[in-house]
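*Asks:* Once you've had a glance at the structure underneath, I'll fire off some questions.
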Ligand code: CTP
Ligand code: MG
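In structure tokens form, the structure reads like this:
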């Protein structure tokens, strides 16, 4: 359908059209967002609704530092997973109602693995962050940005690899890697301005 874009371009314009063409950019971009919505939502929702009993119940690891820290709570974990699954259910509903066949198809399993994996990745990151002696809320640039992607994709790879390889194209995956730090930074700045987060990262 969208090869049209490329064929309409003159020779000089070809490279430019190629980049903005539907097949090569817009669809992978929309697909990346569509795939990741159930994984992106849990973190900000955990930040809004989190608090109360920490997942590690305040216990320390053998190194004398907290196992996970006060930034990882049951309320945040549950609220985040519920939100991720809820947005995923809306996406599945939308796909059934409208002709969205150009987007990857979510399943109940895929949205659950994305939401759970995103927050498991976040919890694992905090475990290692504490082992490196970094305080709760301190900056750990790459890990803080990619924990959710790693968690979500590792869980998909283990539990539902056929969905992963059937629905996530290489182009969409690369765009997820580019998009995630940008969205992460943007939401954290918004969260900080709204006084939901204590630090803008
Ligand atoms: N949060 C939560 N439960 C979770 C994840 C997050 O309650 N499972 C809340 C906490 O209030 C946390 C905030 O969301 O402070 C922001 O999350 P995040 O940046 O992941 O935590 P940090 O406070 O930075 O802690 P860490 O250094 O361990 O990443
Ligand atoms: Mg943080």
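In this note's numbering, the protein residues as written are 296 to 496. Built from N, CA and C at the ideal position, the CB exists for glycine as well.
#1: Find out if the Cβ-Cβ distance for the pair residue 334, residue 447 is shorter than 8 Å.
#2: Any chance the CB of residue 371 is under 7 Å from a heavy atom of ligand 4?
#3: From residue 371 to residue 438, what distance separates their C-alpha atoms?
#4: According to the Cβ coordinates, are residue 466 and residue 414 closer than 8 Å?
#5: Would you kindly check if the distance between the Cβ of residue 349 and the Cβ of residue 368 is under 8 Å?
#6: When DSSP labels each residue in this structure, what does residue 349 get in the three-state scheme?
#7: Hey, residue 343 and residue 432: beta-carbon distance below 8 Å or not?
#8: Label residue 452 either buried or exposed according to how many other C-beta atoms from any shown protein chain fall within 10 Å of its C-beta, with 16 as the threshold for buried.
#9: Going by DSSP in three states, residue 480 sits in which element: helix, strand or coil?
#10: Can you check DSSP and say which residues form a bridge with residue 355?
#11: Output the distance between the C-alpha atoms of residue 354 and residue 393, rounded to the nearest integer angstrom.
#12: Can you list, in chain order, the residues of its chain whose CB lies under 7 Å from that of residue 434, leaving out five sequence neighbours each side?
*Replies:* By the coordinates alone:
#1: Walking along the chain shown from the start, residue 334 turns up at place 39. Walking along the chain shown from the start, residue 447 turns up at place 152. Yes, the Cβ-Cβ distance between residue 334 and residue 447 is below 8 Å.
#2: In the structure on display, ligand 4 does not appear, and the ligands it does have are ligand 1 and ligand 2.
#3: As a working note, residue 371 is residue 76 in the chain shown. As a working note, residue 438 is residue 143 in the chain shown. Rounded to the nearest angstrom, the two C-alpha atoms are 19 Å apart.
#4: Your numbering for residue 466 matches position 171 in the chain shown. Your numbering for residue 414 matches position 119 in the chain shown. At the C-beta level, residue 466 and residue 414 stay beyond 8 Å of one another.
#5: As a position in the chain shown, residue 368 is number 73, starting the count at 1. As a position in the chain shown, residue 349 is number 54, starting the count at 1. Taking 8 Å as the Cβ cut-off, residue 368 and residue 349 qualify as a contacting pair.
#6: In the chain shown, counting from the first residue as 1, residue 349 sits at position 54. Of the three classes helix, strand and coil, the one that applies to residue 349 here is strand, per DSSP.
#7: Working through the chain shown from its first residue, we reach residue 343 at position 48. Working through the chain shown from its first residue, we reach residue 432 at position 137. Not in contact: residue 343 and residue 432 (Cβ atoms no closer than 8 Å).
#8: Position 157 of the chain shown, counted from the start, is the residue given in the question as residue 452. So residue 452 counts as exposed.
#9: Numbered from 1 along the chain shown, position 185 holds the residue referred to as residue 480. Helix.
#10: Mapped onto the chain shown, residue 355 falls at position 60. Residue 355 is bridged to 361.
#11: Looking up residue 354 in the chain shown gives position 59. Looking up residue 393 in the chain shown gives position 98. Going from the Cα of residue 354 to the Cα of residue 393 covers about 49 Å.
#12: For this step, residue 434 is matched to residue 139 along the chain shown. The residues are 496.
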